[in-house]
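**Student:** So that we are looking at the same thing, I have put the structure below in structure tokens.
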Amino acid sequence: MVELIDIDDVFRQLIYEGTVTQMNRYLNEIEFDSFRVAAIAKLNAGITTTEEVLRVLPRSALYRVTSPSRSVPSTLAPTSLSQRWRKPYKPQ
């Protein structure tokens, strides 16, 4: 599966000089809907079924890891790489 986005000048600069967190924030600002967000919105609106979503996305895509984003209910809120639970790195 591949997600496509038109690369504008701002996003191009973030690719070269920014962080993943900055890219995710920018994508949220321009209201880019990933497959995951679009699928969850359609599921909540009754346009598609859980079975259809699970046909194209992993089961983990349906679970919220942290706080909700935009209009997706908190039970099925999207996550970004910067929001995933991680163990802090502790040098030996």
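When we follow our numbering, the leftmost residue of the sequence shown carries the number 3, and every step to the right adds one.
Glycine is no exception: its CB is placed at the ideal position from the N, C-alpha and C atoms.
Predicted, not measured: the structure shown is a model, and the values here were computed from it.
Note the first and the last residue of the continuous alpha helix (DSSP H) segment covering Leu45.
**Tutor:** 37–46 is the extent of the alpha helix (DSSP H) around Leu45.
**Student:** For Asp8, which of helix, strand or coil comes out of DSSP?
**Tutor:** Asp8: coil per DSSP, three-state reduction.
**Student:** Counting C-beta neighbours from all protein chains within 10 Å, is the total for Val22 16 or more, i.e. buried, or is it exposed?
**Tutor:** Per the 10 Å Cβ criterion, exposed.
**Student:** Is DSSP giving Leu59 helix, strand or coil here?
**Tutor:** Here Leu59 sits in coil by DSSP.
**Student:** If we count the other Cβ atoms within 10 Å of its Cβ and call it buried at 16 or more, is Val39 buried or exposed?
**Tutor:** Buried, by the Cβ-count rule.
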